[in-house]
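Quick mapping for you: the protein sequence lines, in order, are chains A and B.
If you read the first sequence in numbering that gives the first Met the number 0, its first letter stands for residue 0, the second for the next number, and so on.
If you read the second sequence in numbering that gives the first Met the number 0, its first letter stands for residue 0, the second for the next number, and so on.
For each residue, glycine too, the CB sits at the ideal point set by N, CA and C.
Note that the coordinates shown come from a computational prediction; the quantities given were computed from them, not determined experimentally.
Report on one structure; see the data block that follows.
Number of protein chains: 2
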Amino acid sequence: MLKIKVSYAPSVRRLPSYLHIIRQAERNHDSYISGTVIAQELNLEPIQVRKDLAITGIVGKPKKGYPVEPLIKAIECYLGWDQQREAVLVGAGNLGSALIGYQEFQRHGLHILAAFDTDPQKIGSQVHGVPIRDMKELEPGITELHAEIALLTVPSPFAQATTEILVRAGITSIWNFTNIKLKVPDGIVVQREDLSSGYALLSVQMLNRKARS
Amino acid sequence: MLKIKVSYAPSVRRLPSYLHIIRQAERNHDSYISGTVIAQELNLEPIQVRKDLAITGIVGKPKKGYPVEPLIKAIECYLGWDQQREAVLVGAGNLGSALIGYQEFQRHGLHILAAFDTDPQKIGSQVHGVPIRDMKELEPGITELHAEIALLTVPSPFAQATTEILVRAGITSIWNFTNIKLKVPDGIVVQREDLSSGYALLSVQMLNRKARS
DNA sequence: TAGATTGTTAATCGATTAACAATC
DNA sequence: TAGATTGTTAATCGATTAACAATC
């Protein structure tokens with residue numbers, strides 16, 4: 000039986016950085032870029048870049064490197080960034096509003112159709128061109144908009160209850176910016192973005208440096 | 000020779016989640032919490048929780064678990080979250096403003112003293128009580144404020160040039176929210192927070208699910 | 001051609017998981 | 001006491017790195 004590896008999480012996480020570098024090469028009108036160059040730019044080992052790029056199925060030319068245009072296409076295709084995805088944002092607070100304004104996600108196919116919030120001051124207004132709707136309309140709103148992704152930026156005490164509404168409304172993927180581990184049924188994709196864990200890492204590195212000096 | 004392991008990155012990243020659960024137990028007036036319970040709450044293996052907690056030096060009691068109060072203290076101490084850290088934020092755009100408003104970091108000792116921006120509209124105003132100053136004052140401002148951390152939220156084309164100013168001004172730790180890999184001298188801690196890599200992971204999981212159904 | 005770079009196969013490294021005696 | 005839970009030691013798993021023949 001053929002066994003297909005599905006995830007390669009660390010490699011997948013690095014692909015967007017590669018894409019960024021390769022796009023620079025494209026703007027520079029280079030037709031090829033080598034793994035060595037990408038590695039240098041990102042402070043990685045060339046062998047790691049080659050291994051990562053291999054999962055996209057692209058084949059390089061010895062001595063020259065990888066063809067820029069096909070490589071960009073291959074990475075975008077592998078990541079699914081060549082497809083349009085309909086999303087809603089739930090909780091239009093500080094972080095939520097910032098995410099709506101983040102141009103980069105749009106360029107990768109993430110289309111935020113609407114945001115939902117409980118604040119009467121916000122309801123009916125727009126943030127970066129995206130309409131803010133009443134949280135009460137969340138369930139029918141999602142159905143009506145045919146959104147498949149929800150960006151969850153509500154205060155954490157509301158995270159689990161809101162998630163249950165999302166699932167009921169047919170959301171299949173949740174990008175979770177709260178510090179709550181969500182309980183969801185099988186088949187729902189949850190990607191948690193945890194700023195605290197980043198700060199923990201920064202903080203520990205600071206302590207280690209001090210301890211060594 | 001004694002060899003000290005310095006990093007344990009994956010464990011360090013999980014500690015904030017544990018802390019969050021353990022704080023709930025504290026609010027619940029529990030005096031002990033078991034690794035099994037923490038694991039259940041976070042969908043992890045109990046053995047992983049025990050291994051992770053071991054690095055903080057805390058010792059549990061068979062049958063009961065870990066003492067809540069000392070455990071909280073131990074994790075905070077290990078993470079350096081019991082210490083106050085002075086920081087500045089550079090680039091008070093959408094994301095920058097959102098981060099300033101993020102209460103949680105303050106509770107973990109991150110003290111944002113000032114933000115810097117180029118926009119004349121913003122300079123002189125405040126965001127969540129933090130003064131926005133002229134980017135031109137960045138170098139003297141950091142020196143004067145004795146900041147050791149910089150949160151970097153400038154548009155990516157300015158990331159490297161800004162970093163050089165930060166280093167010159169004496170910043171030793173950079174929390175980098177741009178999608179640029181920064182080049183810094185030895186001894187400067189850089190923690191990169193990359194939302195694109197999170198979206199890449201979400202996106203690939205969505206494709207995998209579709210492929211399997 | 002000479003040599004830089006690729007892709008493959010094997011070795012190493014580190015993190016996760018398993019097994020189990022110790023113990024409250 | 002009985003049994004849940006700990007901490008330790010060993011096994012497994014997966015990711016990174018090394019070595020090197022193939023090749024443009």
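Query: Are the C-beta of Ser214(B) and some C-beta of chain A separated by less than 8 Å?; Result: What the structure shows of chain B is the stretch from 0 to 212, and residue 214(B) is not part of that stretch, so it cannot be assessed.
Query: How about Phe115(B): is its C-beta nearer than 8 Å to some C-beta of chain A?; Result: no
Query: Going along chain A in order, which residues have a C-beta closer than 7 Å to the C-beta of Ala199(B)?; Result: Val11, Arg12, Leu14, Pro15 and Leu78
Query: Would DSSP call Pro66(B) helix, strand or coil?; Result: strand
Query: Does any CB atom of chain B fall closer than 8 Å to the CB of Leu41(A)?; Result: yes
Query: Taking CB distances under 8 Å as the criterion, tell me whether Lys2(A) reaches chain B.; Result: Reliability of the predicted coordinates at Lys2(A) is poor, the pLDDT of 39 falling under 50, and the value obtained from them is presented with this limitation in mind. Lys2(A) does not count as touching chain B.
Query: Would you check if there are 3 or more beta carbon pairs closer than 8 Å linking the stretch 86-94 of chain B to the stretch 31-50 of chain B?; Result: no
Query: For Ser155(B), which residues in the same chain have their Cβ closer than 7 Å to its Cβ, ignoring the five residues on either side in sequence?; Result: Thr177, Asn178 and Ile179
Query: Give the DSSP-derived three-state secondary structure of Val89(A) in the structure shown.; Result: strand
Query: By how many angstroms is the C-alpha of Gly79(B) removed from the C-alpha of Leu1(B)?; Result: With a pLDDT of 37 at Leu1(B), under the threshold of 50, the predicted position of this residue should be treated as unreliable, and no value is reported.
Query: Of all the options Leu151(A), Glu75(A), Asn175(A) and Glu136(A), which has the alpha carbon lying nearest to the alpha carbon of His19(A)?; Result: Glu75(A)
Query: Assuming Ala73(A) and Gly56(A) are in contact, meaning their beta carbons sit under 8 Å apart, how far apart are those beta carbons, in whole angstroms?; Result: 6 Å
Query: Can you tell which of Ile111(A), Ile170(A), Pro61(A) and Ala158(A) has the C-alpha that lies nearest to the C-alpha of Gln125(A)?; Result: Ile111(A)
Query: Looking at the unbroken alpha helix (DSSP H) that takes in Ser10(B), where does it start and where does it end?; Result: Ala8 to Arg26
Query: Show which residues of chain B have a CB atom less than 8 Å away from the CB atom of Val188(A).; Result: Leu201, Gln204, Met205 and Arg208
Query: Which residues mark the beginning and the end of the alpha helix (DSSP H) in which Ala53(A) is found?; Result: Pro45 to Ala53
Query: Taking just the CA atoms, how far does Glu136(A) sit from Ile173(B)?; Result: 41 Å
Query: Listed in chain order, which residues of the stretch 83-99 of chain B have Cβ atoms closer than 7 Å to some Cβ of chain A?; Result: Asn93, Leu94, Ser96 and Ala97
Query: For Pro15(B), is the classification buried or exposed, using 16 other Cβ atoms within 10 angstroms of its Cβ as the cut-off for buried?; Result: buried
Query: Give me the chain A residues within the contact set of Phe104(B), using Cβ-Cβ distance strictly less than 9 Å, ordered along the chain.; Result: Leu194, Ser195 and Tyr198
Query: Residues of chain B with CB closer than 9 Å to the CB of Ser172(A), please, in chain order.; Result: Leu201, Ser202, Gln204, Met205 and Arg208
Query: Let's test the definition: count the other Cβ atoms within 10 Å of the Cβ of Asp185(B) and tell me whether it reaches 16, buried, or not, exposed.; Result: exposed
Query: Would Ala8(A) count as contacting chain B if we go by Cβ distances under 8 Å?; Result: yes
Query: Let's test the definition: count the other Cβ atoms within 10 Å of the Cβ of Thr162(A) and tell me whether it reaches 16, buried, or not, exposed.; Result: buried
Query: Rounded to whole angstroms, what is the Cα-Cα separation between Ile3(B) and Ala168(A)?; Result: Confidence is the limiting factor: at Ile3(B) the pLDDT is only 45, short of 50, which leaves the residue's position unreliable, though a coordinate-based value still follows. If I take the Cα positions, the gap works out to 51 Å.
Query: Taking only three categories from DSSP, how would you classify Ser33(B)?; Result: coil
Query: Quick one, are the C-beta atoms of Leu98(A) and Leu144(A) less than 8 Å apart?; Result: no
Query: Would you say Lys50(B) reaches chain A, if we count a Cβ-Cβ gap shorter than 8 Å as a contact?; Result: no
Query: Spell out whether any CB of chain A is found under 8 Å from the CB atom of Asn27(B).; Result: no
Query: Could you check if Gln82(A) is buried or exposed, using at least 16 other CB atoms within 10 Å of its CB as the buried criterion?; Result: exposed
Query: Roughly how many whole angstroms lie between the Cα atoms of Arg13(B) and Arg191(A)?; Result: 12 Å
Query: Inspect the beta-carbon positions of Tyr77(A) and Asp51(A) and report whether they are closer than 8 Å.; Result: no
Query: Counting only beta-carbon atoms, is Lys180(A) nearer than 8 Å to chain B?; Result: yes
Query: How about Ser10(B) and Ile54(B): do their beta carbons lie closer than 8 Å?; Result: yes
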